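Novice: Have a look at the structure that comes next, please.
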Amino acid sequence: MDCNARSLLFILPLLLLLSRFPSAFPIIYPPNEVNLLDSKASQGELGWISYPSHGWEEISGVDEHYTPIRTFQVCNVMEYSQNNWLRTNWIARQSAQKVYVELKFTLRDCNSIPLVLGTCKETFNLLYQETDENQGGHFREHLFSKIDTIAADESFTQTDLGDRILKLNTEVREVGPLTKKGFYLAFQDVGACVALVSVRVYFKKCPNTVRNLASFPDTVPMDSQSLVEVKGSCVNHSKEEEPPRMYCSTEGEWLVPIGKCLCNPGYEERSNTCQMCRAGFYKSAVGNAECPKCPPHSFSHHEGSLHCGCEKNYFRAEDDPPSMACTRPPSPPRNVISSINETSVILDWSWPEDAGGRKDITFTVVCKRCRVVGADGSSNGGALRCEPCRNNVRFLPRAAGLQNTTVMVCDLLAHTNYTFEIEAQNGVSVMAPKMRQYAAVTITTNQAAPSPVTVIRKERTSRNSVSLSWQEPERPNGIILDYEIKYYEKEEQETSYTILRARGCNVTLNGLKSNTAYLLQIRARTAAGYGASSPSFQFETSPDSAFSISSENSQVVLIAISSAVAIILLTVLLYVLIGRICCRSKSKHPDEKRLHFGNGHLRLPGIRTYVDPHTYEDPSQAVHEFAKELDASCIAIDKVVGAGEFGEVCSGRLRLPSKKEICVAIKTLKGGYTDKQRRDFLAEASIMGQFDHPNIIRLEGVVTRSKPVMIVTEYMENGSLDSFLRKNDAQFTGIQLVGMLRGIASGMKYLSDMGYVHRDLAARNILVNSNLVCKVSDFGLSRVLEDDPEAAYTTRGGKIPIRWTAPEAIAYRKFTSASDAWSYGIVLWEVMSYGERPYWEMSNQDVIKAVDEGYRLPPPMDCPATLYQLMLDCWQKERNNRPKFEQIVSILDKLIRNPGSLKITANTTSRPANLLLERSSSEVPMGDWMDGMRTLPCKEAFSGVSYSSCDTLAKTSTEDLKKVGVTIVGPPKKIVSSLKSVDTKNDPVPV
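Letter by letter, the sequence shown follows residues -24 to -1, 1 to 967 of mature numbering (1 follows the signal peptide of the UniProt record, and there is no 0).
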């Protein structure tokens, strides 16, 4: 090409280009891109090989900041068969397996160049060659592989040159996978007028980052198809809660963060790091929460405090959480008042003025007997000496741990000085013995009569006399002056009696009738008067033929009888000991079913084995006997699935040593619980832990030695039966439904055999696993029966699930296995109706009234007749007529063996004879039909309305019925179906 053509076709200097596109050269690249080559960054010659030499030309220019840059251009469009090559220097690929080539270029439109005669092209080729080392100036075209043909989206014309409107094109191509250490890029021109402004070669990586307090390093994707899993490492001063990991995508993006790290105690999360708590703050547990401020009356002078120390004269009990303020012992009780009644005193006081910042205040009363003792031991002069009261002094309700401000002290001595010290205590009182204070009151008991004589012995007996002796009253309350002895013949019932007086503790009664029974009472007298009489003591005189008690023969006979009795007792004792030894040896046999419990309860084969945890003085003892204590570290909580009465219900995983990890359900006890709430919460575990049946929810264990307190059970994937049925309406076969019902009945039979009454059997308390196995759960209302199989548990108030409860349980709060059978009938109805609400929108009072008047739920749509008959049997008003669970299981087993019996539906079969309708609705006039509904006041509502028959009524909308004051109870589609299918034995429609 001559100089004129080159000046005509040559692309403008790079300065012109850059002045038009100052944004074409970003200075900052994305953090996930690593440059292997950037021609714009080189200010000197690039040193690329051009072949032939008159093809590609390297020129210099400056950008908008007047920074020198290098570029290449070629424009041999007037000559045929152009083959101009430009090869870069050797590029090391580093760790990349796939690289990207970004080209920025301009290209002239061939139509704007005169006289080209078809030799001009508007494309050029991009190629590459892989090598393990730099080959210097060696260049072989055939060793290069083509990447792509590069075309311009926008080309410029001669006019553009005059107006300086140039089109800068950017193209990016992917190269890979690369396997050798480096590669060359080459640009082949076949007759275009093109300027290569910038060449950048880069690869993508996932840059180092911190997520969830875990550090992830720079990661280069391995190939273009899969994600790279990268394990993170916890930042300083943190620990894993769950191993952190993320996935690096082929685009250099981090995806799917899993797991996290938690800051150590004394550290909090700030700016993706764990930093020490500031002075005045603390953190006692692992977690990412902020360090809370020290609670009142506490401090932390250093950074990274695990807890805050208490100020002087303030304390924190062992069970107090670190978040609780430091407290101190309370001030003494105030305004102590004593009321003396002979040898008893009632003490009453007011609460302390300062409770020390706590609510766990109790009171302790110490009794002391005080007297003045002289140096010679007499009561003349000297000092006041106090000693603890005798052990037989009684405190009502008790002496220590009082929660009320009143106590009664009984069985004191008369005419005696006592001092009572009343101390208020709280959870930190034991930690500050020097700060403990008490209020004291001194009283003197009044004169009192002696206590009753309790021990009377018969010394000798004859035909007409008896000799007696007794012990002095335990509390004489003064000097005993004498005793009054009152006796009379037993048959005369005190109509005629004799009274004697004795100064000592013995007496002989003469002039008695032989072979006669007498009753005798003794009472003591002091200066204060007579005390209460002793309990009646019975004795009999000897018959006429008997030996005298004083005769030697009688004594010999008595000795012989006593010896014989002693021999018999010794024989029985030896027999019992031998029997126990034998029982112990037999109990070691592997088939022995006998179990002992620490609370004195005993389990034997064939005898009810349930032990009521409420009978334990310490409920935690029952929990540890019947439930396994789990280590909280073995439990991983995944998510919260609901809320219970005492706290949250979660799903999670349990991994015990040397056992496979299993899914579990976890009930937690919310914070701030009372002792009663904790006992009630764990009572269910104590009950559940005694059951072992495939249709009873299985208890895995409890966590009581750490917080939160948890009950861990097997996980039931499908949740409660009622919601499960509603989600899968009409999706199961009749046999499947009967199988579910059979499982529930089997579980209830097991409970009934153990002497259990569930009291809250409902579909919401049945859980379903992935295999459609139904298991009875929720034993919060369960109670044990007495030995009588028909015995009932009487509640002390509380809510009753009316729609599921038998009439006698509602009326009299009497619960039996028969009332559970009634509830099972409701569950049966719930299952066959796929979780409908029993009695629909009727109020509880309406349900009670309707059931009492004989109304029973109608059969669900397409319900088999045999199952509806079983419902009606369960709903018998007389509880003794209801089937036992053993019978229910047998009935359902027969239905499973004979599935054909399920094809006959209750809608077309006979119903109980006590129902109200007598004829088909299609034949019965509306008036007659309304007359038949004697328990439902509908007739007046339809007066004057043109509903001639039930067919007409069935076609009437619910809104039209409401206009005449009639409300239909139940789903409309089923009400209409019932109206249309009423026959001589059908149920009434609930209106």
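Built from N, CA and C at the ideal position, the CB exists for glycine as well. Bear in mind that the values here come from a model prediction, so they are computed numbers and not experimental data.
List, from N- to C-terminal side, the beta strand (DSSP E) runs of 3 residues or more that fit wholly inside the stretch 843 to 869.
Specialist: none
Novice: Does DSSP put F755 in a helix, a strand or coil?
Specialist: coil
Novice: Tell me whether L102, by its Cβ, gets closer than 8 Å to a heavy atom of the ligand SAM.
Specialist: Ligands in the displayed structure: none, and consequently the ligand SAM is not present.
Novice: Check whether the stretch 799 to 809 touches the stretch 738 to 749, taking contact to mean three or more Cβ pairs, one atom from each stretch, closer than 8 Å.
Specialist: yes
Novice: DSSP beta-bridge partners for K215?
Specialist: L238
Novice: Looking only at its chain, what residues have a beta carbon closer than 6 Å to the beta carbon of V625, apart from the 5 residues adjacent to it on each side?
Specialist: V617, G618, K643
Novice: Take Q49 and list the residues in its own chain whose beta-carbon comes closer than 8 Å to its own, dropping the five residues that flank it on each side.
Specialist: Take Q49, set aside five residues on each side of it, and the residues of its chain with a beta-carbon closer than 8 Å to its own are F(-15), I(-14), W32, E33, I35, V170, A171, L172, in chain order.
Novice: In terms of residue numbering, what span does the beta strand (DSSP E) encompassing W325 cover?
Specialist: 320 to 326
Novice: Is the stretch 205 to 219 touching the stretch 294 to 308 in the sense that three or more CB pairs, one from each, lie closer than 8 Å?
Specialist: no
Novice: Whole angstroms is fine: what's the gap from L457's alpha carbon to H391's?
Specialist: 17 Å
Novice: Kindly indicate which three-state DSSP category P589 falls into: helix, strand or coil?
Specialist: helix
Novice: So which of E450, Y473, T437, G480 has the shortest CA-CA distance to D520?
Specialist: T437
Novice: Is the beta carbon of V749 closer than 9 Å to that of L697?
Specialist: no
Novice: To the nearest whole angstrom, what separates the beta carbons of A785 and F791, a pair I think is in contact under 8 Å?
Specialist: 5 Å
Novice: So what's N393 in DSSP terms, helix, strand or just coil?
Specialist: Three-state result, N393: strand.
Novice: Output the residue ranges of the beta strand (DSSP E) runs that lie fully inside the stretch 451 to 529 and measure 3 residues or longer, sorted by chain position.
Specialist: Whole beta strand (DSSP E) segments, 3+ residues: 458 to 465, 474 to 478, 482 to 485, 493 to 502, 513 to 516.
Novice: Spell out a yes or no on whether the stretch 364 to 374 and the stretch 406 to 422 are touching, meaning 3 or more CB-CB pairs, one atom from each, closer than 8 Å.
Specialist: no
Novice: Let me make sure I understand the geometry here. Which of A500, Y463, K122 has the alpha-carbon closest to that of L485?
Specialist: Y463
Novice: Do L868 and R702 have their beta-carbon atoms positioned less than 9 Å apart in this structure?
Specialist: no
Novice: Note down, in chain order, each residue of its chain lying with its Cβ closer than 7 Å to the Cβ of I824, except the 5 sequence neighbours on either side.
Specialist: I778, I786
Novice: Rounded to whole angstroms, what's the CA-CA distance from Y810 to A882? Just pull it up for me.
Specialist: 16 Å
Novice: Should Y551 go down as buried or exposed, given a rule of 16 or more other Cβ atoms within 10 Å for buried?
Specialist: exposed
Novice: For the candidate residues I432, G480, L545, E593, whose alpha-carbon lies nearest to that of Q514?
Specialist: I432
Novice: Please report how far the alpha carbon of V383 lies from the alpha carbon of Y290, in whole angstroms.
Specialist: 30 Å
Novice: From the beta carbon of K790, is the nearest beta carbon of chain D less than 9 Å away?
Specialist: Considering every chain present, this structure includes no chain D. It has just one protein chain.
Novice: Tell me the DSSP secondary structure of V749 in three-state form.
Specialist: Three-state result, V749: coil.
Novice: Should the stretch 267 to 284 be regarded as contacting the stretch 361 to 369, the criterion being three or more beta carbon pairs within less than 8 Å?
Specialist: No, because fewer than three Cβ pairs between the stretch 267 to 284 and the stretch 361 to 369 fall closer than 8 Å, the two stretches do not touch.
Novice: Pop quiz: S405 and P241 are said to be a contact at Cβ under 8 Å. What is the actual Cβ separation, rounded to whole angstroms?
Specialist: That pair is no contact at about 29 Å.
Novice: Go to W798, then tell me how far its alpha helix (DSSP H) extends in each direction, as first and last residue.
Specialist: 793 to 808
Novice: Do you know offhand how far A301's Cα is from M818's?
Specialist: 52 Å
Novice: Which residue from K181, T95, D85 puts its Cα closest to that of E57?
Specialist: The sequence shown places Ser at residue 57, rather than the Glu named in the question. In this structure, T95 is the residue among K181, T95, D85 with its C-alpha nearest to the C-alpha of S57.
Novice: Span of the alpha helix (DSSP H) holding G403?
Specialist: Looking at the DSSP string, G403 is not in any alpha helix (DSSP H), and its letter there is neither H nor E.
Novice: Please report the distance separating the alpha-carbon of residue 1003 from that of I672.
Specialist: Past the boundaries of the shown model lies residue 1003; the chain is included only from -24 to 967, so the question cannot be answered.
Novice: Check the DSSP bridge columns for M686 and list the partner residues they point to.
Specialist: T644, V679
Novice: Exposed or buried, what is K879 when buried is set at 16 or more other beta-carbons lying within 10 Å of its beta-carbon?
Specialist: With fewer than 16 other beta carbons inside 10 angstroms of its own, K879 counts as exposed.
Novice: Pair every Cβ in the stretch 585 to 600 with every Cβ in the stretch 654 to 674, then say whether three or more of these pairs are closer than 8 Å.
Specialist: yes
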